[in-house]
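I have placed the structure first, in the form of C-alpha cells, so that the comments after it can refer back to it.
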Amino acid sequence: MTLWPILILAAGTYGFRVAGPLLSDRLRLSARVQGLLSLAIIAMLSALVATSTLTSQGGFAGGARPAGVLVGALLAWWRLPFVAVVVAAAATTAGLRLLGFG
Amino acid sequence: MGNVDRALARDVGAVALASAVVGVSFGALAVAAGLSLWLALFMSMVVFAGGAQFMVVGMVAAGGSPVAAVLAGLLLNARHLPFGLAVADLLGTRWPTRLLGAHLMVDESVAFAMAQRDPERRRAAYWLCGGLLFVGWNVGVLVGGLAGRAVSSPEVLGLDAAFPASMLALLLPSLRPAGAGEERAESPREPMKARRVALVGAVLALVATPWLPTGLPVLLAVLAVGVALR
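Heads up: the protein sequence lines correspond to chains A and B, in order.
Count along the first sequence from 1, add 1095, and you get the number used in our numbering.
Count along the second sequence from 1, add 1, and you get the number used in our numbering.
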C-alpha cells in the first residue's frame, strides 16, 4: 500500500472529526437539541457495543466474545471497579478460547 | 489538570493499555501485509482510528482496490461527525486546542467524556483519554511493527471483548435507574428514555449489520432518537 490512500483516509477522517466543532460555531443548539444529541450518542455507543460484541465481518462473532462481555456487564452492573470489568471480560473470552469454545 | 483524580486516571489507563496491545497487533499485521514500519506508524498517527486502519490494511492485503478500502474506512469513521457535535464544547475556544482536540476524538474518549456528569470532569476525561490512547496506540504499533509476525493476535488475549465491555461500563451510569437515596441533582438526563433509545439503537444496528456495509449500522442507530420524541 502506498502513501496516497493513507493520506486520503486521514484527511477524510479528520474532516469528520473537525466538522462537528466547526458546525457548532454556526448553529447555536437549543437545550432540547443538545438533549437529543446526547441521546443520539447513547444510541450510537450502544450500537457500537452491540455490534462489536455479537458480530464479526457481518456475521456472528461466536460464543467466547459475547460471554466475556456478559461477564464484564454483570460486574459493571454490580458496580465493581472499571478495571475489573475490562480484565474480567478479556480473561473470560481468552479462557473460553483456550478451552476451545467459539 | 486538576480534575483528574486517581480513579479516572486508572480507568483511562486500563483502556489505553488495551488499546496499546491492539496497536501491537496492528503494527505486526500492517508490516506482514507489506507496509513499511514507518508507513504503518505514520498511518496510525494521522488516521488514529483502529477499526478503519485494520479494515483498510486488511482489504488491500486481500487484494481489494485501495479506493474501495478507503471509502469503506471513511464510512466507518463517519460517526465522528455526530460525535463532534456532541463534544464540541469540550475542545475549548482557542483554535490550536480545538484542532488538536478534534484529532483525539475516538469512541473511547467520547464515551469517557459522556460518562462524567460534571462539565470540568468531562473535559478532563476527554483530553486524558484521547491523549493517553494516542500515545498508547502509536507506541503499540511501533512495538508490533518491530516485532513483526512474532506477536500473536489480540483475540488470544480476549481484547476483542475488552472494547465492548469497557464501552458498556461507561454507558451504564446514564442507563441505570436512579437508586434510592442517590442524588441525581444536576443531571437532566432521563434514564428511562436513555434506556429505550439505547435498546432500539442496538437492535437497529444488529438487524442492519448483515445487509449494510460496516459503519452504516452504527450511524443508522441515530434513528433510535425518534423513540424519545414520541
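In this text, a Cβ means the ideal position worked out from N, Cα and C, and glycines have one as well.
- Answer with buried or exposed for B:D108, where buried requires no fewer than 16 other C-beta atoms within 10 angstroms of its C-beta. Within the second sequence, the letter at position 107 stands for residue 108 of chain B. Label assigned to B:D108: buried.
- With which residues is A:S1151 paired in a DSSP beta bridge? For the purposes of this step, residue 1151 of chain A is taken as residue 56 along the first sequence, with counting starting at 1. Partner(s): A:G1154.
- Message: Under 8 angstroms, CB to CB, which of the residues in the stretch 96 to 124 of chain B have a partner in chain A?
- Response: R99, L100, G102, A103, H104, M106, D108, V111, A112 and M115
- Query: Between B:L207 and A:V1166, what straight-line distance do the alpha-carbon atoms span, to the nearest angstrom?
  - Reply: Counted from its first residue, the second sequence places residue 207 of chain B at position 206. Counted from its first residue, the first sequence places residue 1166 of chain A at position 71. So the two alpha carbons sit approximately 20 angstroms from each other.
- Task: To the nearest angstrom, report how far apart B:P165 and B:L105 are at their CA atoms.
- Result: On the second sequence, position 164 is the one that residue 165 of chain B refers to. On the second sequence, position 104 is the one that residue 105 of chain B refers to. Each residue's Cα considered, the two are about 19 angstroms apart.
- Item | Under 7 angstroms (Cβ pairs) to chain A, residues found in the stretch 158 to 171 of chain B | L158, G159, L160, D161, A162, A163, F164, P165, A166, S167, M168, L169 and A170
- Beta-carbon of B:W11 versus every beta-carbon of chain A: anything under 9 angstroms? Position 10 of the second sequence, counted from the first residue, corresponds to residue 11 of chain B. Correcting the residue identity first, residue 11 of chain B is Arg in this sequence and not Trp. Chain A, which has a Cβ nearer than 9 angstroms to the Cβ of B:R11, makes this yes.
- Message: Check whether chain A comes within 9 angstroms of B:P178, counting only Cβ atoms and requiring the distance to be less than that.
- Response: Position 177 of the second sequence holds residue 178 of chain B. It does not: the Cβ of B:P178 has no partner Cβ on chain A nearer than 9 angstroms.
- B:T98, DSSP secondary structure in three states: Here the question's residue 98 of chain B lines up with position 97 in the second sequence. Looking at B:T98 - three-state DSSP - the assignment turns out to be helix.
- Item | Own chain, CB closer than 6 angstroms to B:A222, minus 5 neighbours either side, in chain order | Sequence index remark: in the second sequence, residue 222 of chain B carries index 221 (1-based). Once the five neighbours on either side are set aside, the close Cβ partners of B:A222 are G202, L205 and A206.
- Query: Using the beta-carbon of each residue, which ones in chain A are nearer than 7 angstroms to B:L36?
  - Reply: Here residue 36 of chain B corresponds to residue number 35 of the second sequence, with the count starting at 1. Those within 7 angstroms of B:L36 in chain A are M1096.
- Name, going along the chain, the residues of the stretch 1113 to 1125 of chain A whose beta-carbon falls closer than 7 angstroms to a beta-carbon of chain B. V1113, A1114, G1115, P1116, L1118 and S1119
- Buried or exposed (CB count within 10 angstroms, at least 16 for buried), B:R7: What you label residue 7 of chain B is simply residue 6 of the second sequence in a count that begins at 1. Exposed, by the Cβ-count rule.
- Message: Taking a contact to mean a Cβ-Cβ separation below 9 angstroms, would you say B:L76 touches B:G216 in this structure?
- Response: Your numbering for residue 76 of chain B matches position 75 in the second sequence. Your numbering for residue 216 of chain B matches position 215 in the second sequence. Yes, the Cβ-Cβ distance between B:L76 and B:G216 is below 9 angstroms.
- Item | Rounded C-alpha distance that separates B:P178 from B:P214 | Taking the second sequence and counting its residues from 1, the one referred to as residue 178 of chain B is at position 177. Taking the second sequence and counting its residues from 1, the one referred to as residue 214 of chain B is at position 213. Distance between the alpha carbons of B:P178 and B:P214 is about 35 angstroms.
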